[in-house]
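Right, one structure below, let's go through it.
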Amino acid sequence: MRVAVTGTPGTGKTTAAEHLDTDLDVFHLNDIIKDEGFSTGIDEDRGSLVADLDKLSEWLDGRDDVLFESHLAHHFAADRVIVLRAHPETIVERLRERGDDDSKAYENAESEALDVILGEAVEEHGMESVYEIETTDRDPDEVAQEIQAVVDGEREPSAGTVSYIDWL
Numbered sequence: 001m002r003v004a005v006t007g008t009p010g011t012g013k014t015t016a017a018e019h020l021d022t023d024l025d026v027f028h029l030n031d032i033i034k035d036e037g038f039s040t041g042i043d044e045d046r047g048s049l050v051a052d053l054d055k056l057s058e059w060l061d062g063r064d065d066v067l068f069e070s071h072l073a074h075h076f077a078a079d080r081v082i083v084l085r086a087h088p089e090t091i092v093e094r095l096r097e098r099g100d101d102d103s104k105a106y107e108n109a110e111s112e113a114l115d116v117i118l119g120e121a122v123e124e125h126g127m128e129s130v131y132e133i134e135t136t137d138r139d140p141d142e143v144a145q146e147i148q149a150v151v152d153g154e155r156e157p158s159a160g161t162v163s164y165i166d167w168l
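When the count follows the UniProt record's numbering, it moves up by one through the sequence shown with no breaks and lands on 168 for the last residue.
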């Protein structure tokens with residue numbers, strides 16, 4: 001089984017993945033991008049690496065029984081795609097705590113309010129493979145338990161259950 005955990009930066013993907021108790025191999029794709037040099041350059045406006053999705057896809061090919069997390073995870077083949085969600089204000093707070101500037105924090109908050117990653121995940125994998133998990137004001141262990149419930153087949157797909165459009 002291949003499980004992708006995705007979501008807007010600041011939704012808690014890495015934190016939740018670190019709290020998982022799973023038999024799957026867990027990969028943090030942002031670390032793989034840096035460690036393996038899977039980038040095509042730097043986005044000067046955002047101050048971040050531009051991921052080479054083809055190289056990352058090749059690296060993931062042939063790996064089974066894996067869970068991989070990143071805001072890019074939904075772009076790769078997966079049996080189940082988990083989209084973590086958080087209120088846009090929570091995203092702004094979390095990203096500021098990380099040291100991101102207001103411009104980057106609000107860009108990501110707007111992306112969350114507009115369901116950008118959810119929409120991409122549904123478009124690439126279909127409603128039947130996408131699961132939303134709300135992380136606002138939730139303990140990372142709780143979120144990890146919900147992720148594990150998806151992995152174990154104990155949850156039904158749930159794309160479209162979270163909305164922050166009113167934040168805009």
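Glycine included, C-beta positions come from ideal geometry on N, C-alpha and C.
Secondary-structure assignment with DSSP links Glu134 through a beta bridge to Arg85. In terms of CA proximity to Val3, Leu24 leads the group Leu24, Gly12 and Thr14. By the Cβ neighbour-count rule, Thr11 is buried, with 16 or more other Cβ atoms within 10 Å of its own. Three or more pairs of CB atoms, one per stretch, sit closer than 8 Å, so the segment 18-36 contacts the segment 67-75. Judged by DSSP in its simplified three-state form, Leu67 adopts strand. Apart from sequence neighbours up to five positions away, the residues of its chain that approach Ala149 with a beta-carbon distance below 8 Å are Arg155, ordered along the chain. Counting along the chain, Val5 sits inside the beta strand (DSSP E) bounded by residues Arg2 to Gly7. Here DSSP, grouped into helix, strand and coil, assigns Leu20 to coil. Leaving aside the five residues that flank His125 on each side, the residues in its chain whose CB is nearer than 6 Å to its CB run, in chain order, Val81.
Under DSSP, Ile42 forms a beta bridge with Leu49.
Annotated three-state conformation of Val162 is coil, per DSSP. Cα atoms of Ile133 and Asp166: separation of roughly 19 Å, rounded to the nearest angstrom.
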